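J.:
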Amino acid sequence: MEPLIVDQSEGIKPQLPSFTQSGLDDFLKIIKERGHEKLVDAAILHGLSLSSLNSHKADNKEVRQLPFEGFEKLQQGGIYYGQCVDGMRDGYGLLYCTNRSGIPLMYLCQWEKGKPTKGCGLGILKDKWNKYEGHFDERYLRTGNGSWEDEIGAWYQGEFKAGMRNGNGKYRNLEGGVYEGQWKADKMSGNGKFEWPNGNIYEGQWKNSNLDGIGKLKYPNGSIYEGGFKDSCEHGQGKLTSTNGQFLVGEWENRGPIGVHNCFTKNGTLLYYYTYNIDGTLVKIVEIL
Numbered sequence: 303m304e305p306l307i308v309d310q311s312e313g314i315k316p317q318l319p320s321f322t323q324s325g326l327d328d329f330l331k332i333i334k335e336r337g338h339e340k341l342v343d344a345a346i347l348h349g350l351s352l353s354s355l356n357s358h359k360a361d362n363k364e365v366r367q368l369p370f371e372g373f374e375k376l377q378q379g380g381i382y383y384g385q386c387v388d389g390m391r392d393g394y395g396l397l398y399c400t401n402r403s404g405i406p407l408m409y410l411c412q413w414e415k416g417k418p419t420k421g422c423g424l425g426i427l428k429d430k431w432n433k434y435e436g437h438f439d440e441r442y443l444r445t446g447n448g449s450w451e452d453e454i455g456a457w458y459q460g461e462f463k464a465g466m467r468n469g470n471g472k473y474r475n476l477e478g479g480v481y482e483g484q485w486k487a488d489k490m491s492g493n494g495k496f497e498w499p500n501g502n503i504y505e506g507q508w509k510n511s512n513l514d515g516i517g518k519l520k521y522p523n524g525s526i527y528e529g530g531f532k533d534s535c536e537h538g539q540g541k542l543t544s545t546n547g548q549f550l551v552g553e554w555e556n557r558g559p560i561g562v563h564n565c566f567t568k569n570g571t572l573l574y575y576y577t578y579n580i581d582g583t584l585v586k587i588v589e590i591l
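Using our numbering, the first residue of the sequence shown is number 303, and each one after it goes up by one.
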């Protein structure tokens with residue numbers, strides 16, 4: 303009897319192309335030739351390599367290099383190197399392009415039906431890199447929870463909407479100040495807390511990244527102002543408490559007291575009436591006997 307021969311190749315799907323070093327090198331070479339070597343350096347700094355690409359890829363999708371057609375503020379003429387389905391970006395891949403202002407960008411992320419969904423976005427602004435990690439919407443914009451940082455040391459962790467900080471988040475600026483609270487359209491708006499490097503601490507309401515509304519500001523010397531703010535200045539009805547417990551109550555304008563203020567002991571006993579000019583200078587003191 304003839305031995306039974308089984309075709310073991312039956313049912314085995316051909317292996318689709320993976321990311322290759324030559325393919326990655328060609329992609330990065332195009333970026334360098336267009337004068338954006340800094341973007342390549344930033345991508346490698348943040349972990350771009352052949353092994354990282356193949357660790358993210360799906361097994362059932364081919365890898366190709368495709369031209370980028372452009373979208374809204376992203377110019378056409380960019381290059382995609384990554385996984386595709388039916389000639390469309392789908393799976394894991396890299397997109398290099400520039401926006402309408404000429405800023406070079408790279409998306410290192412998952413794609414679905416031609417749109418980015420989740421991963422990393424890099425950009426070069428004034429010869430410094432910035433990096434975003436998180437989700438993208440169908441317009442290639444940051445959305446949902448994510449993190450952003452730049453080469454100089456500023457960072458943000460929190461919520462995004464339509465590419466802007468929106469919702470709750472924590473931010474550190476270049477000077478070392480830290481804000482934690484609410485955001486709207488990329489501005490500190492709502493309730494939040496800011497700590498300055500000089501020791502000032504503010505907790506309260508914000509509008510368009512200004513102290514605006516009701517809040518409390520603690521100064522480095524230990525004194526505390528509680529009351530109204532406008533355009534980041536003490537403004538409206540307020541109370542200033544000194545380190546010895548005495549407190550001053552009255553109207554404020556552009557950081558200074560105006561009109562008549564009542565001065566109390568820490569136990570609430572009225573001590574003086576202070577009268578201030580509109581420029582904040584003290585013009586009269588009346589002692590309460």
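We put the CB at the ideal spot given by N, CA and C, even for glycine. Please read all numbers here as calculations on a predicted model, not as lab measurements.
Take I307 and list the residues in its own chain whose beta-carbon comes closer than 8 Å to its own, dropping the five residues that flank it on each side.
T.: Caution applies to I307, whose pLDDT of 37 falls short of 50 and renders its modelled position unreliable; the value that the coordinates give is listed next. So the list is empty, once near-sequence residues are dropped.
J.: Looking only at its own chain, which residues have a Cβ that is under 8 Å from the Cβ of A360, when we skip the five neighbours before and after it?
T.: Q385, G393, Y394.
J.: Within the same chain, show all residues whose beta-carbon is closer than 7 Å to that of Y575, passing over the 5 residues directly before and after it, in chain order.
T.: Answer for Y575: V562, N564, V588, listed in chain order.
J.: Would you list, in sequence order, the uninterrupted alpha helix (DSSP H) runs of no fewer than 4 residues that lie entirely inside the region 351-412?
T.: Those alpha helix (DSSP H) runs which fall completely within the region 351-412 and span 4+ residues are 352-358.
J.: For D309, which residues of its own chain have a beta-carbon under 8 Å away from its beta-carbon, when the five flanking residues on both sides are left out?
T.: Residue placement at D309 is flagged as unreliable, the pLDDT there being 41, under the threshold of 50; the coordinate-derived value follows with that caveat. Hits under 8 Å: none found.
J.: Whose C-beta lies closer than 7 Å to the C-beta of K415 among residues of the same chain, with five residues either side of it excluded?
T.: For K415, where only same-chain residues beyond five positions count, the Cβ hits under 7 Å are M390, D392.
J.: Please classify A464 as buried or exposed, where buried requires at least 16 neighbouring CB atoms within 10 angstroms.
T.: With fewer than 16 other Cβ atoms within 10 Å, it is exposed.
J.: Using a Cβ-Cβ cut-off of 6 Å (strictly less than) and excluding sequence neighbours within five positions of L443, which residues of its own chain qualify?
T.: Hits under 6 Å: A464, G465.
J.: Given S491, which residues of its chain have a CB within under 8 Å of its CB, disregarding the five upstream and five downstream residues?
T.: So the qualifying residues of the chain are Q484, W485, W508, K509, N510, S511.
J.: What do you get for R467, buried or exposed, if any count of 16 or more other CB atoms within 10 angstroms of its CB means buried?
T.: So R467 counts as buried.
J.: Which residues in the same chain as L355 place their Cβ atom closer than 6 Å to its Cβ, once the five residues preceding and following it in sequence are excluded?
T.: Counting only Cβ-Cβ distances below 6 Å, and skipping sequence neighbours, we find F321.
J.: Should N569 be labelled buried (16 or more other beta-carbon atoms within 10 Å of its own) or exposed?
T.: When all chains shown are included, N569 counts as exposed.
J.: When we look at the beta-carbon of P418 and count the other beta-carbons within 10 Å, is it buried (16 or more) or exposed?
T.: That one is buried.
J.: In this structure, how does DSSP classify Q323 when only helix, strand and coil are distinguished?
T.: Correct three-state label for Q323: helix.
J.: In the DSSP assignment, find the unbroken alpha helix (DSSP H) run with K340 in it and report its ends.
T.: Per DSSP, K340 belongs to the alpha helix (DSSP H) from 339-347.
J.: Just list the residues that DSSP pairs H244 with in beta bridges.
T.: It is not possible to answer for residue 244, since the shown part of the chain is limited to 303 through 591.
J.: Between the Cα of S544 and the Cα atoms of L519, H537, C535, E453, which residue gives the shortest distance?
T.: If we check each option's Cα against that of S544, L519 comes out closest.
J.: Run through DSSP, which three-state label would G313 get?
T.: Only weak support exists for where G313 lies, its pLDDT of 42 falling under 50; the coordinates are left without a value.
J.: For Q539, does the three-state DSSP call read helix, strand or coil?
T.: Note: Q539 maps to strand in three-state DSSP.
J.: For R467, write down the residues that DSSP places opposite it in a beta bridge.
T.: Answer is F462.
J.: Below 7 Å CB to CB, which residues in the same chain sit around E435 once its five sequence neighbours on both sides are set aside?
T.: Hits under 7 Å: C422, G448, S449.
J.: Is the Cβ-Cβ distance between I332 and I381 less than 7 Å?
T.: Against a cut-off of 7 Å, the Cβ pair of I381 and I332 comes out as a contact.
J.: Give the single residue among N362, Y383, S357, Y398 whose Cα lies nearest to the Cα of L376.
T.: Of the candidates N362, Y383, S357, Y398, the one whose C-alpha sits nearest the C-alpha of L376 is Y398.
J.: Near S534, what residues of its chain come up, given a Cβ to Cβ distance below 7 Å and the 5 sequence neighbours on each side ignored?
T.: So the list reads N512, L513, once near-sequence residues are dropped.
J.: Rounding to the nearest angstrom, what Cα-Cα distance links E374 and C411 in this structure?
T.: Answer to the nearest angstrom: the Cα atoms are 19 Å apart.
J.: Based on the DSSP secondary-structure assignment, which residues constitute the bridge partners of I454?
T.: Note: I454 sits in no beta bridge, so no partner.
J.: When you compare each of F370, Y383, G372 to K363 by their alpha carbons, which one comes out closest?
T.: When each option's Cα is compared against that of K363, the closest is Y383.
J.: Locate the beta strand (DSSP E) running through L584, then write down its first and last residues.
T.: Here the beta strand (DSSP E) through L584 covers 584-589.
J.: Tell me where the beta strand (DSSP E) around K509 begins and ends.
T.: Start and end: 503-509.
J.: Can you tell me the Cβ-Cβ gap for G479 and E497, rounded? I've got them flagged as a contact below 8 Å.
T.: Rounded, the Cβ-Cβ distance is 7 Å, consistent with contact.
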